[in-house]
Every structure is written in C-alpha cells, then in structure tokens.
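First up is the structure itself, then whatever we jot down about it.
Numbering (UniProt numbering), first residue to last: 1 to 435.
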C-alpha cells in the first residue's frame, strides 16, 4: 500500500514539473536510527548550511507522535512535545541523511511546489515536511496550514504561520540516467589497412636466441555518434559503451582483423523539452601495440605493425537500456517512464528498469594489430615498401579511383596480399629450422 502511495506521489510530482527548463525530480532522503552523542554521519542533513553540527532529527513525543526537530552535540536534541511544550533528548531518535547524493536546497514555504519535491523513506507520511526558521534550526512544517513548529536556540517552543519567515527542505535530482548495457551492430564492418610502425631486429651472436619487445604507436581521432530520439527525450544523461568483439573485413586484400575494446562515453544535457536527435564525441587517443620477437643466432628480420580501420562506419544497432534515478525503486521508475518507456520487453529490478533500445551508430572503428615479420634480406617484400603501398592506396581511394588507375590499384592490392601471405610472413618465434 505504501509503495502504491509513493508511485502516485511521484506521478503527481512529475505533473508538477513538466515544462520546466530542466528536469527536477524528488530524490529520497533516508531516516536512520541514531544514538545521541555518537559521531554524526558524514552525509547528515544539516539545517544550518554553515554549521555541520546542526542535524535534522525525528523523535516520538509523549503522545507517540513522530515529530521533526533538531540536534547539536553541544546542546542535545529537541522536538515539540505538545503545543506549547518541548521534549528534550527523546528516545529513540532518527537522523536524516543524504544516502543517494541528492541535490539539497532550502526554499521559502511560499513556493507552490515544495510538497512535490520532498521525499523520504520509512518516515512520516502525509503533509509534514522539514522546515527551518531564520535561526537555522530545524522544525516541522504542516503544509495543510502552512505553519511551522520548532524549538528555538534557548529551548523554547515557537510557532509561525507566516511562510515568508521559514524555509522548507527540498531534495531533488535532475539525473534520469540511461545506460546502454550491450550494443549489437547490425551491419558488417569493412575498412582499409593502415600502417602503424616498423623496426629492424638482429641477432648476430653465436649459440643463443634473442627476444625483443616491439612497441608501435599510432595517434588517431576516434569519433562516435549515436541516435535514438525516443529514449533521450526521457533522460538527460546517457552512457554509451560500445563493447566490440567483432571483425573488420578488408575487401580485395582478403584479410580480416579482429576488433576489440570499447568506444562511447557519458553524455549529459539540460532537458529543455526538445527532442534530442543524437549524441556524439570526438576523442584524440593513442593506440599502442606491443609484441615480442624471438630470433635464433645469425638472423636479421624486419617487423612492422598494421591495423584495419573503418572511419565512416554506419550501422543500425540494438541494445538494452538501463534506466536509473537516484534513490528510486524500479517500480517508481516504471511509473515515471509511463508512455515514454517500452511497451514490450520491460524488466523491473529493485532500483532500475531495462528496456529494448534501437538506433543508429556512426563513427570510426580500429582493429587489433597484425604484426608482420619478414626476412631482412628480401628486396621486394619489406616493411618500407608495404608502408608506401598502403599510403599510396589510401590516397588513390581518397581522391577517387579513375579507370586509368584501376590496374595500379590492383597491383598495389596484390602486393599487400602477397606480403600478408604465409610464403612471405615469418612466425614471431623463429627456430634454427626456420632459418
């Protein structure tokens, strides 16, 4: 029954904030049992923003009514007992803490929306809210009559019916967060080869092998752009993490290189009510590839690293989106999403909701590396020539291949394909037999 009340409350709160320049949702605070005199929790809610020792509490008065009051280690705890009287150091006591990292603020009680932007767990139900008077001491606000009862710094009962003289506590969040758990690309990934680096390795000793680790780097600009209007109209913070376990195919060369790793990131914006068409980013990064080569005596080789890249890849994707809101339960999030959520395939967790998602991805993808080892004595097939031919082929494709260049393109592709064949490439660990 309580859960249904909370869901209805959240829907009412949503109706109250639609049309605002940015989403503001009630963020639950938590009442925790507290032993007077013990250290205050680090996330305690204080009614005096300049003094972290003035805590907000609840206690039971002599008529077993839970009442909001205040506590300071130096003076003790105070709540209103009955009208006109005060109860000092009630027992048991609960203290208000900001367990979910809510945004905390105090506003004059004349605001119309304060009752929709305050929510706590396992506490007072109804129309009682945390207030503070000009003395910055907490008390209880009755929203039905817009009055506040509290105990002043001298331990005296006070009451005010002028909402201009006291403030109420609001606990809000603007983070409706959508995380994409897995992204599956629908289209095959094709691309071109790119040269990374090369080294000469020699072992001119006698009787022992030599191992050397090569490290090749390439600076790239990684771009990513995602589209999914429906989900992003609901949320104002999205995490995209495109985990890749696929391949990039290089046509003509007949080579396929694996893709691993992830791209994406976190994106956020102020939700102004307009549809968000896409999110994207451009990141400068360094790709680093390290491999170890082992050579027998009296051997010289050349080693170079290549990768495959797909710089203008575009594909539809499917995914599973996980919606979370600070401190909310899964059922509350489901109620908030309403028609904006998925109609089929929704799964409700304890503090999240997942839905099927789909959209479009555009961006750049880079494969894992391929290390090529060739005999240093070869004149035609070597890393320097491979680098020149790869860049020449890239330039011709970038400018547009004419019919007069088709034969040259075929020649370059055949050279690269031969270079990558077992008849030219050597293993990374050479034995005496392989000399």
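Just so you know, even glycine gets a beta-carbon here, dropped at the ideal spot from N, CA and C. Being a predicted model, the structure only gives us computed values, none of them experimental.
Taking Cβ positions only, does residue i come closer than 8 Å to chain B?
i          : result
residue 76 : The displayed structure is made up of one protein chain only, and chain B is not part of it.
Terminal residues of the continuous beta strand (DSSP E) containing residue i?
i           : result
residue 148 : 147-151
residue 184 : 176-185
residue 346 : First-last for residue 346: undefined, no H or E at that position.
residue 32  : 29-34
residue 198 : 192-203
residue 53  : No beta strand (DSSP E) contains residue 53, which DSSP labels as neither H nor E.
residue 83  : Per DSSP, residue 83 belongs to no beta strand (DSSP E) and is neither H nor E.
residue 128 : 128-132
residue 159 : 157-160
residue 374 : 370-375
residue 101 : Counting along the chain, residue 101 falls outside any beta strand (DSSP E), and DSSP gives it neither H nor E.
residue 139 : 138-142
Which same chain residues, not among the five before or five after residue i, have their C-beta less than 6 Å away from its C-beta?
i           : result
residue 240 : 180, 226, 264
residue 108 : 167
residue 48  : 54, 136
residue 161 : 147
residue 334 : 348, 353
residue 131 : 139, 141, 148, 166, 168
residue 315 : 185, 186, 187, 361
residue 318 : 184, 358
residue 401 : 409
residue 387 : 195
residue 71  : 55, 57, 77
residue 105 : 170
residue 304 : 198, 372, 383
residue 393 : 412
residue 99  : 30
Under the DSSP definition of a beta bridge, which residues are partnered with residue i?
i           : result
residue 411 : None, per the DSSP bridge assignment.
residue 355 : 321
residue 265 : 240
residue 216 : 289
residue 78  : 70, 88
residue 420 : Residue 420 pairs with nothing; no bridge assigned.
residue 59  : 67, 93
residue 404 : Its beta-bridge partners do not exist; DSSP assigns none.
residue 446 : The shown model of the chain, from 1 to 435, leaves out residue 446, and the question about it has no answer.
residue 108 : 167
residue 278 : 227
residue 41  : According to DSSP, residue 41 bridges with nothing at all.
residue 456 : With the chain covering only 1 through 435, there is no way to say anything about residue 456.
residue 257 : 248
residue 307 : 194
Quick one: give me the first and last residue of the alpha helix (DSSP H) that residue i is part of.
i           : result
residue 232 : 229-234
residue 385 : 383-399
residue 330 : 330-337
Spatial neighbours of residue i within its chain, please: C-beta separation below 8 Å, excluding the five flanking residues on both sides.
i           : result
residue 207 : 297
residue 59  : 66, 67, 69, 77, 79, 87, 90, 91, 92, 93, 94
residue 426 : 301, 373, 374, 375, 434
residue 345 : 355, 356
residue 209 : 203, 294, 295, 296, 297
residue 62  : 81, 82, 87
Go through its chain and collect everything with a Cβ distance to residue i's Cβ below 7 Å, but skip five positions before and after it.
i           : result
residue 389 : 412, 415, 416
residue 424 : 374, 381, 418
residue 101 : 326
residue 329 : 350, 351
residue 152 : 135, 137, 158
residue 363 : 223, 224, 225, 263, 313
residue 311 : 364
residue 258 : 247, 367, 368
residue 282 : 221, 223
residue 33  : 92, 94
(message) Does the structure place the stretch 376-392 close enough to the stretch 249-258 that three or more beta carbon pairs sit under 8 Å?
(response) no
Worksheet item: Are at least three pairs of beta-carbons, each pair with one atom in the stretch 276-286 and one in the stretch 340-354, less than 8 Å apart?
Response: no
Report task. Evaluate contact between the stretch 288-307 and the stretch 195-205, counting only Cβ atoms and requiring at least three cross-stretch pairs below 8 Å. Result -> yes
Give a yes or no on contact between the stretch 186-201 and the stretch 344-354, applying the rule of three or more CB pairs nearer than 8 Å. no
message = Using 8 Å as the cut-off, can you tell me whether the stretch 181-194 makes contact with the stretch 229-248, which would need three or more C-beta pairs spanning the two stretches below that distance?
response = yes
(request) Specify whether the stretch 280-291 and the stretch 397-405 touch according to this definition: at least 3 beta carbon pairs, one from each stretch, less than 8 Å apart. (result) no
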